[in-house]
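Have a look at the structure below before the remarks.
Below, the structure is given as structure tokens:
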């Protein structure tokens, strides 16, 4: 990792849905992310952790500016260049080439009626790369991700692939333009434990090989210990703690983080003792404040 200008720098980022765009017809703007800040260096892997609804995915979508119904304030700088308020053409240029994103369910990210080759090669085709060259690079990308018979399987359809192989296809499409940042939004949630390990290993391997920065979004602290360099914890739309991964597991400072760690099942735990929950720790904090 380098120590110069961060690849991505987020400062005081807030995301809200304007009243006019609210589907629940509520009054006032709806705040989703509140004053979040972090940075990522080239080649660094940062895990953004929190329960469902904590604002993790909204933060990722704000960085990529994928949802036009959201309004942003604060700062998102890419290699020192401000992206908040940037023209749509700027974001179109960056998405897929400088930064890419993969999601938790590869089947929803893939078009079932298009071949694997069409979908992996698409990021190159839309940028004017000749079809033959784009398909050759698509086969290389699949081969790099250990998809067997990569050249032959360009003609296959998503339904012919297992869940783990479909996730590799999505990763190949995300990485074919050799981006500097990969945002992985719960990429292992829909996979079994064995395949989860394979996908996590691939992400770590590619990060090391390509000097690829990774923003890894997950609700599961247990899977980030061997993957991330740093961990940022979100709770109710706010960033409550950020530490190097070893320090966070050894000495978490926020009650919410302690609750997340305590709620991870352990093989050596006494089965007669109730597993502690996040709410236990947050209730303790509220009791201390009220005392």
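In the UniProt record's numbering, the protein residues as written are 1 to 291. Heads up, the beta-carbon is just placed ideally off N, CA and C, and yes, glycines get one too. All values derive from a computational prediction rather than experimental measurement.
Worksheet item: Is residue 206 closer than 8 Å to residue 175 when the C-beta atoms are compared?
Response: yes
Worksheet item: Which word fits residue 44, buried or exposed, when buried means at least 16 other C-beta atoms lie within 10 angstroms of its C-beta?
Response: buried
Item to complete: Compare the Cα-Cα distances from residue 38 to each of 259, 133, 147 and 56 and report the closest residue.
Response: 56
Worksheet entry | Touch test, the segment 57-72 against the segment 251-271, Cβ-Cβ under 8 Å, three pairs minimum | no
Fill in: Alpha-carbon spacing of residue 76 relative to residue 92, whole angstroms
16 Å
Worksheet item: For residue 71, which three-state DSSP category applies?
Response: strand
Discussion item. Less than 8 Å between the beta carbons of residue 112 and residue 158, yes or no?
Written reply: yes
Discussion item. Tell me the rounded alpha-carbon separation between residue 73 and residue 172.
Written reply: 32 Å
Worksheet item: How far does the beta strand (DSSP E) with residue 233 in it reach, from first residue to last?
Response: 230-235
Worksheet item: residue 281: buried (16+ other C-beta within 10 angstroms of its C-beta) or exposed?
Response: buried
Worksheet entry | Inter-residue CB distance, residue 96 and residue 219 (contact presumed, cutoff 8 Å) | Not quite, the Cβ-Cβ distance comes to about 26 Å (not below 8 Å), so this is no contact.
Worksheet item: In three-state terms, what does DSSP make of residue 31?
Response: strand
Practice prompt. Identify every residue that forms a DSSP beta bridge with residue 244.
Written response: 230
Worksheet entry | Residue from 5, 134 and 32 whose Cα sits closest to the Cα of residue 15 | 32
Practice prompt. Less than 8 Å between the CB atoms is what I'm expecting for residue 8 and residue 36, so what's the real figure, rounded?
Written response: At roughly 12 Å, the Cβ-Cβ gap does not stay under 8 Å, so residue 8 and residue 36 are not in contact.
Worksheet entry | residue 195 in three-state terms, based on DSSP | helix
Worksheet item: Residues in its own chain within less than 7 Å of residue 165 by CB, not counting five upstream and five downstream?
Response: 147
Practice prompt. Could you spell out the range, first to last residue, of the beta strand (DSSP E) harbouring residue 167?
Written response: Not the beta strand (DSSP E): residue 167 falls in the alpha helix (DSSP H), residues 163-175.
Worksheet item: Taking all protein chains shown into account, do 16 or more other C-beta atoms lie within 10 angstroms of the C-beta of residue 222, making it buried, or fewer, making it exposed?
Response: exposed
Worksheet item: How close, in whole Å, do the beta carbons of residue 102 and residue 170 come, if the pair is a contact with beta carbons under 8 Å?
Response: 5 Å
Fill in: Beta-carbon spacing of residue 42, residue 177 below 8 Å
no
Discussion item. Is it buried or exposed, residue 19, if we count other Cβ atoms within 10 angstroms and call 16 or more buried?
Written reply: exposed
Worksheet entry | residue 213 - containing beta strand (DSSP E), residue span | 213-218
Practice prompt. Take residue 154 and list the residues in its own chain whose beta-carbon comes closer than 7 Å to its own, dropping the five residues that flank it on each side.
Written response: 115, 116, 117, 135, 138 and 139
Practice prompt. Assign residue 6 to one of three DSSP states: helix, strand, or coil.
Written response: coil
Worksheet entry | Residue environment, residue 5, which counts as buried when at least 16 other CB atoms sit within 10 Å | exposed
Item to complete: Under 8 Å by Cβ, that's how I've got residue 180 and residue 98 pegged, so tell me the actual separation to the nearest angstrom.
Response: 6 Å
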